[in-house]
Amino acid sequence: MSFIGYTALLTPGQMALADQAAIQGGITGTALMEAAGAAVANAVAARWSKRPVLIACGPGNNGGDGFVAARHLRGAGWPVTVAVLDGKEPSTGDAAYHAGLWDGPFEPLSVSLLEGAGLVVDALFGAGLSRPLDGSAAEFIAAVKHSDIPVCAIDMPSGLDGASGAILGHAATAELTVTFFRKKPGHILMPGKSLCGHVLVADIGIPAAVLDRIGPDTFENAPDLWLHSFPWPSLDGHKYLRGHALVVGGRIMTGAARLTAQACARMGAGLVTVAAPATVWHIYAAALTSVMVHPMRESGALDDILADARINAVVVGPGAGVSDVTQRHALQALASKRAVVLDADAISVFGSDPQSMFDAIQGPCVLTPHDGEFNRIFSAGGDKLQRARHAAAQSGAVVVLKGADTVIAAADGRAIINSNAPPQLATGGTGDVLAGLIAGLLAQGMDAFDAAAAAVWVHGEAAALFGPGLVSEDLQHKVPRVLRRLQGLMRHQDRHRH
């Protein structure tokens, strides 16, 4: 089993295939459900002290898991009340079998049952819910949402779409969500991410080999995905072997390109140059020491700077302004067939003619829009994952659709969802730093998709290390510590493999 398999995210449909494959391999459905319900009971007992627990069971397999959890918790001495939707226990399949093993009473699901409950176990609907909650289920979940009773959700808080994280009518915030085998995209896509609490992935006996049959193409961002190709300095290396990145600076917002350049250098690029407008060259030169500053022609043309064949990565956009000059810089960078990062204004400037940008992409390219910039260029519908995938396929670039649940999508359909970004990243300049981190890895020869995913992860880790009070300048100073962690992880993985 590769490390990568542990980061796979399965849609509800893919999870159903995993269950089927396990059953075809000789594990009974009742055994899987027994293991799932027992895992929930164990997780509840590990997190909370004994208290009256209300287990709300739906008509399907999620409800069956709830009946198993009820049996185990009662056996451990917990006061358990089981409530069933519409007063009907599961009547078919494995869920009916486990409902039959519950020899206690059960009540019709009702808001009144919340009185006196110290914990709610939400076993109404799992990740496969496809329509908004209605009737007594909607009424119950709405009441839970407005109560102060802690919630443990089985698989997914009821009312969340497991594929997209979208709220279908109503959903209550869980302190703990216990899911099985692998996470779903809805666990880490917003708003689902904000409602799932701590997500515990329980092993219920499904063999990891079933992933080979499923072929997942969506993953949660983690070093396991890209650490094998991370560019580390070698003993016999020198600065020119570590790449030369060019950051195109703006005339007014000079701080943005400086942040980008410094982050690029921190990530390991051997050389970094800022191309600065001649009228503000002195501002850049006075503020930067290890980064070179090259004055641009008055026309703004980059051809003389790009004539240096050692430059192998270019960033356009930070602090650039939406102008004809910015568009010219982006098109010149793309025409050079070097690795290119287009950020901020270098994306927005193509709002009236996105196809001209798509047509110009000739080499490795990473686009790093937030939602506003994305919507100026792309008209893709659907959830965030679908929109990012469509944009990558349409543009031919790697698309980094930023946010609390940043999605990194490749033109071939692969996608990675990032989950480690703390809220303090929502401050000016952090996107400029991210562009530099990506470019630093591109300059060292890392594949564009891997470089984007690695940089997004390092960006989130650096912010989390700094904590509250973060401003964008702080990020680069935490990058070396994150890199040391990655080196330690790489050594651990090497020992594991050998």
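All letters in the sequence shown, in the order written, are residues 874 to 1371 by this note's numbering.
Cβ atoms here follow ideal geometry from the backbone N, Cα and C, with glycine treated the same way.
Just so it is clear, the structure is predicted and the values come from calculations on it, not from any experiment.
For this session: Give a yes or no on contact between the stretch 1132–1144 and the stretch 1304–1312, applying the rule of three or more CB pairs nearer than 8 Å.
Result: Judged by Cβ distances under 8 Å, the stretch 1132–1144 makes contact with the stretch 1304–1312, as three or more pairs qualify.
Exercise. So is Arg-1170 buried or exposed if we call it buried at 16+ other beta carbons inside 10 Å?
Worked result: Looking at its Cβ environment, which holds fewer than 16 other Cβ atoms inside 10 Å, Arg-1170 is exposed.
For this session: Would you decide whether Lys-1210 is buried or exposed? Buried here means 16 or more other CB atoms lie within 10 Å of its CB.
Result: The residue is exposed, with fewer than 16 neighbouring Cβ atoms inside 10 Å.
Problem set entry | Collapsed DSSP secondary structure at Leu-974 in the structure displayed | Collapsing the DSSP output to three states places Leu-974 in a helix.
For this session: Give me the Cβ distance between Val-984 and Phe-1013, rounded to the nearest whole Å; I'm assuming they're in contact under 8 Å.
Result: 6 Å between Cβ atoms; contact.
Exercise. Val-1352: buried (16+ other C-beta within 10 angstroms of its C-beta) or exposed?
Worked result: Answer is buried; the Cβ neighbour count reaches 16.
For this session: Thinking His-1043 and Thr-1050 are a contact (beta carbons under 8 Å), I'd like their distance in whole angstroms, please.
Result: That belief does not hold up - the Cβ atoms of His-1043 and Thr-1050 are roughly 16 Å apart, past 8 Å.
For this session: Please report the residue range of the beta strand (DSSP E) in which Asp-938 lies.
Result: From DSSP, Asp-938 is part of no beta strand (DSSP E) but of the alpha helix (DSSP H) over 934–948.
Exercise. Would a C-beta distance cut-off of 8 Å place Glu-1093 and Leu-882 closer than the cut-off?
Worked result: Against a cut-off of 8 Å, the Cβ pair of Leu-882 and Glu-1093 comes out as a contact.
Exercise. Got a sec? Which residues, its chain only, sit under 8 Å from Lys-1018 by beta carbon, not counting five neighbours each side?
Worked result: Setting aside the 5 residues that flank it on each side, Lys-1018 is surrounded in the same chain by His-1043, Ala-1044, Ala-1045, Thr-1046, each with a C-beta closer than 8 Å to its C-beta; the list follows chain order.
Problem set entry | Pairwise C-alpha distance: Ala-914 and Val-1271 | Straight-line Cα distance between these residues: approximately 42 Å.
Problem set entry | Alpha-carbon spacing of Asn-934 relative to Lys-1057, whole angstroms | The straight-line gap from Cα to Cα measures roughly 17 Å.
Exercise. From this set, Pro-1080, Leu-997, Leu-1041, which residue's C-alpha is nearest Gly-939's C-alpha?
Worked result: In terms of CA proximity to Gly-939, Leu-997 leads the group Pro-1080, Leu-997, Leu-1041.
Problem set entry | Contact between the stretch 1085–1103 and the stretch 1283–1300 (3+ Cβ pairs under 8 Å) | The answer is yes - the stretch 1283–1300 touches the stretch 1085–1103, with three or more Cβ pairs under 8 Å.
For this session: Taking 8 Å as the cut-off, decide whether the C-beta atoms of Leu-1041 and Asp-1278 are in contact.
Result: One thing to note: Leu-1041 has its Cβ no nearer than 8 Å to the Cβ of Asp-1278.
Exercise. Going by C-alpha distance, which of Ala-1182, Ser-1221, Leu-992, Val-1187 is nearest Ser-1196?
Worked result: The option with the nearest alpha carbon to Ser-1196 is Ser-1221.
For this session: Look at the alpha carbon of Arg-1260 and the alpha carbon of Phe-979, and state the distance between them as a whole number of angstroms.
Result: So the alpha carbons of these two residues sit roughly 44 Å apart.
For this session: Identify the continuous alpha helix (DSSP H) that holds Pro-885 and give its terminal residues.
Result: Where Pro-885 is concerned, the enclosing alpha helix (DSSP H) stretches over 885–897.
For this session: Would you mind giving the Cβ-Cβ distance between Ala-943 and Trp-975, rounded to the nearest angstrom? I have them listed as a contact below 8 Å.
Result: Yes, they are in contact, since the Cβ atoms of Ala-943 and Trp-975 sit about 6 Å apart, within 8 Å.
For this session: Tell me the start and end of each unbroken alpha helix (DSSP H) in the stretch 1285–1360 that is at least 4 residues and wholly inside, in chain order.
Result: Within the stretch 1285–1360, the alpha helix (DSSP H) runs of at least 4 residues that lie entirely inside it are, in chain order, 1303–1316, 1321–1339.
Exercise. Buried or exposed: where does Tyr-1157 fall if 16 or more other Cβ atoms within 10 Å of its Cβ makes it buried?
Worked result: Label assigned to Tyr-1157: buried.
Problem set entry | Thr-901 (DSSP reduced to helix, strand or coil) | Thr-901: coil per DSSP, three-state reduction.
Exercise. Taking Cβ positions, are Asp-1176 and Gln-1200 nearer each other than 8 Å?
Worked result: No. Outside cutoff.
For this session: Determine the DSSP secondary structure at Thr-880, reduced to helix, strand or coil.
Result: The three-state secondary structure of Thr-880, taken from DSSP, is helix.
Exercise. What separation, rounded to the nearest whole angstrom, lies between the Cα atoms of Pro-1168 and Gly-1342?
Worked result: In a straight line, the C-alpha of Pro-1168 is about 35 Å away from that of Gly-1342.
For this session: Output the residue ranges of the alpha helix (DSSP H) runs that lie fully inside the stretch 1069–1120 and measure 4 residues or longer, sorted by chain position.
Result: The stretch 1069–1120 is shown to contain whole alpha helix (DSSP H) runs of 4 or more residues at 1083–1087, in chain order.
Exercise. Among residues of its own chain, excluding the 5 on either side of Leu-1084, which ones have a beta-carbon nearer than 7 Å to its beta-carbon?
Worked result: If we look at Leu-1084 and ignore the five residues flanking it on each side, its Cβ neighbours are Gly-878, Ala-881.
Exercise. Taking the continuous alpha helix (DSSP H) assigned at His-1155, which residues delimit it?
Worked result: First-last of the alpha helix (DSSP H) with His-1155: 1154–1160.
For this session: Taking Thr-1146 as part of the beta strand (DSSP E), name the residues at either end of that continuous run.
Result: Residues 1144–1150.
For this session: Examine the Cβ distances between the stretch 1105–1119 and the stretch 1139–1152 and report whether three or more of them are shorter than 8 Å.
Result: Yes, they touch.
Exercise. Mind checking Met-874: buried by the 16 CB within 10 Å criterion, or exposed?
Worked result: Unreliable positioning characterises Met-874 in this predicted model, as indicated by a pLDDT of 38, which lies under 50. A coordinate reading is not provided.
For this session: With DSSP collapsed to three states, give me the class of Ala-1282.
Result: Ala-1282 falls in the strand class under three-state DSSP.
Exercise. Which whole-angstrom value describes the C-beta separation of Cys-1069 and Pro-1030, a residue pair presumed to lie in contact below a C-beta threshold of 8 Å?
Worked result: At roughly 6 Å, the Cβ-Cβ gap stays under 8 Å, so Cys-1069 and Pro-1030 are in contact.
Exercise. What first and last residue would you give for the alpha helix (DSSP H) that runs through Ile-1061?
Worked result: Looking at the DSSP string, Ile-1061 is not in any alpha helix (DSSP H), and its letter there is neither H nor E.
Exercise. If we count the other Cβ atoms within 10 Å of its Cβ and call it buried at 16 or more, is His-1202 buried or exposed?
Worked result: Per the 10 Å Cβ criterion, buried.
For this session: May I have the straight-line CA-CA distance separating Gln-1360 from Cys-930, to the nearest angstrom?
Result: Cα to Cα, Gln-1360 sits roughly 46 Å from Cys-930.
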